Amino acid sequence: MKLRQLGSLMVSEICLGSMTFGGQLPAWDARQVLDYFVHHGGNFVDTANEFNQGKAEEIIGQWMTDGRHRPHMIISTKTYAPEDGDPNHRRLSRHAILYSVEQSLRRLQTDYIDIYGTHYWDAYTPLEETLATMEMLIQQGKVRYVACSNYFAWQVMKAVGIQKYNQWSPFVALHAQYNLIERSIEYEILGLLQSEKLGLLAWSPLAGGFLTGKHTSNRPFDEKTRFGQQDRMADMYRTLADNERGWQILEAVQDIARGYNMAPEQVAIAWVLSRTWVNSVIIGVSQLEQIDVNLAAAELELANDDLLTLERISAVPIPYPGYIVQP
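Structure below.
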């Protein structure tokens, strides 16, 4: 697997997400997925304190300890929502972050976290308090780099400005949803990332499983799949994809996949990898066999005509003031 630069780090172009670890994917299966991922050149794993009440971090930590993998892995974890339900452990106060990082270090069985991120924007805690605490963790050696996730462009820029003013370590990346269905970050957010030299870690390249082609518009969605579940995230994916534009994009992906004798999900992931501003694509696995299919997407190089077709069919309207500003 190829490596791409993320700040001063070199990370595998596919990052293994762990939201299913300890939930849909039992611990033993998750360990097999991790083994397979590393065997095929992966070195970058993404997790969060809230994933299955901390079980995902525990599985990764035990796997690293048992296999002595820690020195060779880049581990990204995030904080915001507590795994224990304590309201003072929620959000991004100094109190909450200091508690959360110790819990993550314990579960991951490590004395440092490579990339520590804020999972969401905290409207209740002064941003300076959050960023000062993150800088403290870097100075203590518990965290090596910091990142953010699911921010608006103005929120990223405000944080970057505070970090610059105080000469604190800057964010190295933004975790953001990016796929053929959801491309809105290409306006404002992408320009900001390029201007401020932040990396992009693209999550949900399959739009919650919609781009696998397992669903059809004339049948109820399978509740065993991510797209068919009854929760807030599944509702979001259905709102984005279950419409005329979404089904047209899926049809184009399926047509292109047949031309390569590949699966639709491989084309969808390959498209995200083709975007030069993406530093790594975060994939999720709910079944063992999915890891092989998803990793094979890294070997697929889409032809220019196919890229143009996908670009055209998935294009989103340019928002104001972009459509009145002359280049």
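Each residue of the sequence shown is one higher than the one before, counting from 7 in the numbering used here. Glycine included, each C-beta is placed from N, C-alpha and C at the ideal position. These numbers come from a predicted model, not from an experiment.
- Message: I'd like the list of long-range same chain contacts for Ser190, defined as Cβ closer than 7 Å, with 5 residues on each side in sequence excluded.
- Response: Val322, listed in sequence order.
- Hey, could you find the ends of the alpha helix (DSSP H) Ile65 is sitting in? Ile65: member of the alpha helix (DSSP H) spanning 61-73, first to last residue.
- Item | Cβ separation of Thr6 and Asn55, assumed to be a contact under 8 Å, to the nearest whole Å | Within the shown structure, residues of the chain are numbered from 7 to 333, placing residue 6 beyond reach of any answer.
- In this structure, does DSSP put Phe158 in helix, strand or coil? Here Phe158 sits in coil by DSSP.
- Query: Per DSSP, which one or two residues make a beta bridge with Phe27?
  - Reply: Bridge partners of Phe27: Leu31.
- Item | Burial state of Tyr243 (16 or more Cβ within 10 Å) | Only buried fits Tyr243, as 16 or more other CB atoms lie within 10 angstroms of its CB.
- Message: Any beta carbon from chain C within less than 8 Å of Tyr193's own beta carbon?
- Response: In the displayed structure, chain C is absent; only one protein chain is listed.
- Query: Do Leu279 and Glu89 come within 8 Å of each other at the CB atom, strictly closer than that value?
  - Reply: With a cutoff of 8 Å on beta-carbon distance, Glu89 and Leu279 are scored as not near each other.
- Message: Tell me the rounded alpha-carbon separation between Thr315 and Ile262.
- Response: Taking the straight line joining both Cα atoms gives about 9 Å.
- Query: Count the other CB atoms within 10 Å of the CB of Pro211; is the residue buried (16 or more) or exposed (fewer)?
  - Reply: So Pro211 ends up on the buried side.
- Fully enclosed by the region 61-137, which beta strand (DSSP E) runs are 3 residues long or longer? Taking only runs of at least 3 residues, the beta strand (DSSP E) segments lying wholly in the region 61-137 are 80-85, 119-124.
- What residue range is occupied by the uninterrupted beta strand (DSSP E) comprising Gln183? Residues 177-183.
- Taking C-beta to C-beta, are Ile288 and Trp209 nearer than 8 Å? It is a contact, given that the beta carbons lie within the stated cut-off.
- Task: Name the one or two DSSP bridge partners that Gln11 has.
- Result: For Gln11, which the question treats as bridged, DSSP gives the partners Met16.
- Message: So within the region 242-322, which uninterrupted beta strand (DSSP E) runs reach at least 3 residues, ignoring any that extend past its ends?
- Response: Secondary structure in the region 242-322: the beta strand (DSSP E) runs of 3 residues or longer, each lying completely within the stretch, are 286-289 in chain order.
- Message: Pop quiz: Leu294 and Asp41 are said to be a contact at Cβ under 8 Å. What is the actual Cβ separation, rounded to whole angstroms?
- Response: Not really, about 11 Å apart at Cβ, beyond 8 Å.
- Task: Could you tell me which of Thr53, Lys164, Thr71, Glu64 sits nearest to His125, measuring between CA atoms?
- Result: For the residues Thr53, Lys164, Thr71, Glu64, the minimum Cα distance to His125 belongs to Thr53.
- Query: Applying the criterion that 16 or more other CB atoms from any shown protein chain within 10 Å of the CB defines a buried residue, is Val331 buried or exposed?
  - Reply: Classification of Val331: exposed, given that the 10 Å Cβ count is below 16.
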